[in-house]
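Student:
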Amino acid sequence: MLSKAARHYLLVLALATLQPLSFAQVFSTPSPTTTLGPTSSPSVLNTPQRFTSASSEVSTLVTGLGLVSGVALHPLNSKLYTISPEGAIREINIVTQNVVVLRNGTASNTLVTAGCADGTVENATFQIPQGMAADKRYTGDAVLYICDAGGNNLRKLDFGQNQVTTLDTGVKAYRDVDMQMVNSHPMLYVAKDNQIFSLNLTDQVTRVLSGNLVTIGSQADGPLDIARVKKPFGVRYAQSTQGPRVYFTDTGTVRYVNVESRVTYTMAGGTSQSNFGYRDGAFTISCRLQRVNEELSGGLGISSTGTNPLLYTFGNKTKRLRVLDNAPGQCFTVAGKGTSNYIDGSGTRASFGSPAGIEVFTAGSTDIIFLAEKTTGSIRVISASLPSAAPSNTPTYVPSLAPSLSPSTSPLPATNSPSS
Numbered sequence: 473m474l475s476k477a478a479r480h481y482l483l484v485l486a487l488a489t490l491q492p493l494s495f496a497q498v499f500s501t502p503s504p505t506t507t508l509g510p511t512s513s514p515s516v517l518n519t520p521q522r523f524t525s526a527s528s529e530v531s532t533l534v535t536g537l538g539l540v541s542g543v544a545l546h547p548l549n550s551k552l553y554t555i556s557p558e559g560a561i562r563e564i565n566i567v568t569q570n571v572v573v574l575r576n577g578t579a580s581n582t583l584v585t586a587g588c589a590d591g592t593v594e595n596a597t598f599q600i601p602q603g604m605a606a607d608k609r610y611t612g613d614a615v616l617y618i619c620d621a622g623g624n625n626l627r628k629l630d631f632g633q634n635q636v637t638t639l640d641t642g643v644k645a646y647r648d649v650d651m652q653m654v655n656s657h658p659m660l661y662v663a664k665d666n667q668i669f670s671l672n673l674t675d676q677v678t679r680v681l682s683g684n685l686v687t688i689g690s691q692a693d694g695p696l697d698i699a700r701v702k703k704p705f706g707v708r709y710a711q712s713t714q715g716p717r718v719y720f721t722d723t724g725t726v727r728y729v730n731v732e733s734r735v736t737y738t739m740a741g742g743t744s745q746s747n748f749g750y751r752d753g754a755f756t757i758s759c760r761l762q763r764v765n766e767e768l769s770g771g772l773g774i775s776s777t778g779t780n781p782l783l784y785t786f787g788n789k790t791k792r793l794r795v796l797d798n799a800p801g802q803c804f805t806v807a808g809k810g811t812s813n814y815i816d817g818s819g820t821r822a823s824f825g826s827p828a829g830i831e832v833f834t835a836g837s838t839d840i841i842f843l844a845e846k847t848t849g850s851i852r853v854i855s856a857s858l859p860s861a862a863p864s865n866t867p868t869y870v871p872s873l874a875p876s877l878s879p880s881t882s883p884l885p886a887t888n889s890p891s892s
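Each residue of the sequence shown is one higher than the one before, counting from 473 in our numbering.
Put into C-alpha cells, the structure is as follows:
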C-alpha cells in the first residue's frame, strides 16, 4: 500500500498534468481546508500574511536509510538519491518507496586521511560527502555531482559510465551544489567555505560569484572585490525579476548574489546577538532564523514557480522548516514545533530531527518538500500550499545597499578558476 507521502506526490503529479483527482480520492483523510490571507494577528509593515503553518502537512516517505549526509531530487524520473558519510548511495522511488543501494560505503570514507581517489563507482573513495545534485539531462542511469567536504573536492559520479571523477578541488570544504540548465548550458552552482562559484559543464569554465579565500571568517555584502562568504551550507539558482540569482545560506543568514553583476546581498537573518532567536516577520526587521552558534546546515530548497520563488530553510537548533516569501519580504514557519523528535502531522504539530538536505518539487498550487534527516535515516515529506498571488502594489523585496554598491554595478570579468 502506498504511503500518505507517496499518494500526495501522485496527487501533485496529477495536478501537474491536469488530471481530475481530488484530495479525497488520493488520501484516506482529506487535508483540512485552509484559507490563506490576512490574519487577526498584527502584520509587519502592513503586508498581508500569505503563508501559514496550518497549510502544511508532514508525513514520512521512507525510513531505515542509515546515516544520511546529502539528498538530491530528480523530478523527471520521480527519484531521490541519498548519500551517507560513508559514501553509500541509495536510490528511492518516490511513488513506490522502493529503495535500491547503488553504491556501498565503507568506514574509511569518513576519514580525512583516507584520501580522495577517482575510479570505478565501487572503488573510488570519498571523504565526508555532503550536498549533491542530480543531472536532469539524464533519465536513465544517474549522474550525480557530490560535494566532498572532507576531501575539499567536487566530484562527478556517473553510474552509466561506472566512473567517479574530480571536477574541482581546493583547500576549503565543498558544502552544496545545484545543477541547472541556463541558456542551454548545463551549469553547476557550488557553495564551499568562503566562496560561491559556478562551473559550466560544457567548457569547464569556472567563475567566482561571491567571496574569496583571503579574508575569511566573516560576512560582507557588496561587489565581488569586497563581498565575504563565511560558511554556506545550501545553494540554489533561480531567475528573479532583478535577473538570475544564486541563493545560499551562510551561518545564520540567507543571502544571494546577482549572477550578472556579482553583487552579494543579505536577504534575511543576521550574525549579531540582536539577530539570535526564533521569530517570523519582515526580513530585515523581525525575522530571526537562528539561535546562538546555530548554522542553517539543513540546506536550502526553492520552489520552481515564477520569478519570486519561495525559499525553504531549516535551523538545526530551532527545529523548524521556514519559508522566505520574497514578494512581501517576510519569513513564515511552515512546519515544526521546535523540539527534536520524530512526529508526523500538520504544521507546527510535527517535529523533526537533524536535517541533511532539502529538495522541493512544485506543481500547481502545492510545494512538496523532501527533507532528509541525518540520524533517523528518513525522508520526511512536507506538502505546503503555496501563497496566493501578491497584490500588484506589493513590491518584490530588494535589500538596500549604499549607492556605490547598487545592483547596477558593472559586471566584473569572468575568472578561469575559483580561488583555491
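Where a beta carbon is used, it is the ideal one built from N, C-alpha and C, also for glycine.
With D613 and F705 assumed to form a contact (beta carbons below 8 Å), what rounded beta-carbon distance in angstroms separates them?
Tutor: Contact flag wrong, Cβ pair sits at about 28 Å.
Student: Which of helix, strand or coil does DSSP assign to T820?
Tutor: It is helical.
Student: Comparing C-alpha positions only, which one of G559, H546 and A740 sits nearest to N565?
Tutor: Measuring from the Cα of N565, the nearest candidate turns out to be H546.
Student: Within 10 angstroms of its Cβ, does G715 collect 16 or more other Cβ (buried), or is it exposed?
Tutor: Counting Cβ neighbours within 10 Å, G715 comes out exposed, since fewer than 16 surround it.
Student: Rank R627, Q633 and Q635 by C-alpha distance to the C-alpha of Y646 and give the top, closest one.
Tutor: Closest by alpha carbon: R627.
Student: Check each candidate in D620, T713, V701 and R751 and name the one with the smallest Cα separation from R727.
Tutor: Per the Cα distances, V701.
Student: For S855, does the three-state DSSP call read helix, strand or coil?
Tutor: DSSP places S855 in strand when its eight states are reduced to three.
Student: Please report the distance separating the alpha-carbon of S637 from that of T678.
Tutor: Checking the sequence, you will find Thr at residue 637 rather than Ser. Distance between the alpha carbons of T637 and T678: 17 Å.
Student: Taking only the alpha-carbon atoms, compute the straight-line gap between R760 and T597 and give it to the nearest angstrom.
Tutor: Whole-angstrom Cα-Cα distance: 39 Å.
Student: Work out the CA separation of G753 and T519 for me, nearest whole Å.
Tutor: Model confidence at T519 stands at a pLDDT of 31, short of 50, so the residue's coordinates are unreliable; what they give is reported in the following sentence. Taking the straight line from one Cα to the other gives about 10 Å.
Student: Over the uninterrupted beta strand (DSSP E) stretch that includes G542, give me the two end residues.
Tutor: Per DSSP, G542 belongs to the beta strand (DSSP E) from G542 to H546.
Student: Judging by CA-CA distance, which residue of R562, K664 and A835 is the nearest neighbour of I851?
Tutor: Of the listed residues, the one whose Cα sits closest to I851 is R562.
Student: Please tell me whether K644 and N625 are closer than 8 Å, where the distance is taken between their beta carbons.
Tutor: Not a contact, by the Cβ cut-off of 8 Å.
Student: My parser needs the beta strand (DSSP E) runs of 3 or more residues fully inside the segment 786–821; what are they?
Tutor: Fully enclosed beta strand (DSSP E) runs of 3 or longer: 793–797 and 802–807.
Student: Whole alpha helix (DSSP H) runs in the segment 569–622 with 4 or more residues, listed along the chain?
Tutor: Entirely contained in the segment 569–622, not one alpha helix (DSSP H) run reaches 4 residues.
Student: Candidates A621, A606, Y610 and G591: which alpha carbon is nearest Q599's?
Tutor: Cα-wise, what sits closest to Q599 is A621.
Student: List the residues that DSSP assigns as beta-bridge partners of L660.
Tutor: In DSSP, L660 forms a bridge with M651 and L671.
Student: To the nearest angstrom, report how far apart F786 and F755 are at their CA atoms.
Tutor: Between F786 and F755, the C-alpha separation is close to 16 Å.
Student: Helix, strand or coil: which one does DSSP assign to V677?
Tutor: DSSP places V677 in coil when its eight states are reduced to three.
Student: Tell me whether S812 is buried or exposed, calling it buried when 16 or more other Cβ atoms sit within 10 Å of its Cβ.
Tutor: Looking at its Cβ environment, which holds fewer than 16 other Cβ atoms inside 10 Å, S812 is exposed.
Student: Please report how far the alpha carbon of N576 lies from the alpha carbon of E845, in whole angstroms.
Tutor: Going by the C-alpha atoms only, they are around 19 Å apart.
Student: Does the beta-carbon of E529 have 16 or more other beta-carbons within 10 angstroms, so that it is buried, or is it exposed?
Tutor: E529 comes out buried.
Student: For S550, which residues from the same chain have a beta carbon less than 6 Å from its beta carbon, with the 5 sequence-adjacent residues on both sides left out?
Tutor: Correct list, in chain order: I566 and V567.
Student: For the candidate residues I774, D722, R792 and T721, whose alpha-carbon lies nearest to that of N784?
Tutor: This sequence places Tyr at residue 784; Asn is not what is there. Among I774, D722, R792 and T721, the Cα nearest to that of Y784 is on I774.
Student: Give a yes or no on whether 8 Å exceeds the smallest Cβ distance from D640 to chain B.
Tutor: This model lacks chain B altogether, as it is built from one protein chain only.
Student: Under the rule that 16 or more other beta-carbon atoms within 10 Å means buried, what is L671, buried or exposed?
Tutor: By the 10 Å Cβ count, L671 comes out buried.
Student: Can you give me the C-alpha to C-alpha distance between S531 and L681, rounded to a whole angstrom?
Tutor: So the two alpha carbons sit approximately 37 Å from each other.
Student: Taking the alpha-carbon positions, what's the P601 to C588 distance?
Tutor: Whole-angstrom Cα-Cα distance: 11 Å.
Student: With a cut-off of 8 Å on the beta carbons, I'd call I618 and I555 a contact; round off their distance for me.
Tutor: Confirmed, Cβ separation roughly 6 Å.
Student: Express the C-alpha separation of S855 and P502 in angstroms, rounding to a whole number.
Tutor: Because P502 carries a pLDDT of 30, less than 50, the predicted location of this residue cannot be relied on, and the following value inherits that uncertainty. Roughly 13 Å between the two C-alpha positions.
Student: Go ahead and pull the three-state DSSP assignment for S527.
Tutor: Three-state result, S527: helix.
Student: So, is M651 buried or exposed, given that buried needs 16 or more other C-beta atoms within 10 angstroms?
Tutor: Buried: at least 16 other Cβ atoms inside 10 Å.
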